[in-house]
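If you're matching positions, the sequence shown starts at 119 in the working numbering and goes up one per residue.
Cβ atoms here follow ideal geometry from the backbone N, Cα and C, with glycine treated the same way.
Input: a single structure, listed below in structure tokens.
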Amino acid sequence: MKAILEFELPEDKENFDASTKGMDWALLVWHIDQFIRNKIKYEQDRDGVLQLVRNELNFQMEEKGLKYPE
Numbered sequence: 119m120k121a122i123l124e125f126e127l128p129e130d131k132e133n134f135d136a137s138t139k140g141m142d143w144a145l146l147v148w149h150i151d152q153f154i155r156n157k158i159k160y161e162q163d164r165d166g167v168l169q170l171v172r173n174e175l176n177f178q179m180e181e182k183g184l185k186y187p188e
């Protein structure tokens, strides 16, 4: 089975980026899920956990060259 995606660049750059980085997004979400799980399971001090999660999300996005759609 083959799939051919065509984009009119630069007009469709956002759609192109979303299509080509789908697996990166899936892995990012899995990583964040594991990060949250470990924080809940092993951290006694839960203050600031949401900020930790947000920081980790931004770090992982930067590492993978991902950004939120504009």
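Item checked: Segment limits, alpha helix (DSSP H) that includes Ile122 -> No alpha helix (DSSP H) holds Ile122; DSSP gives it neither H nor E.
Item checked: Backbone secondary structure at Gly140 - three-state DSSP -> helix
Note to self: Within the continuous alpha helix (DSSP H) that includes Leu170, where are the two ends?
What the structure shows: Under the DSSP assignment, Leu170 falls in the alpha helix (DSSP H) whose first and last residues are Val167 to Lys182.
Notebook entry, point to check: Can you tell me whether DSSP reads Lys185 as helix, strand or coil?
Noted result: coil
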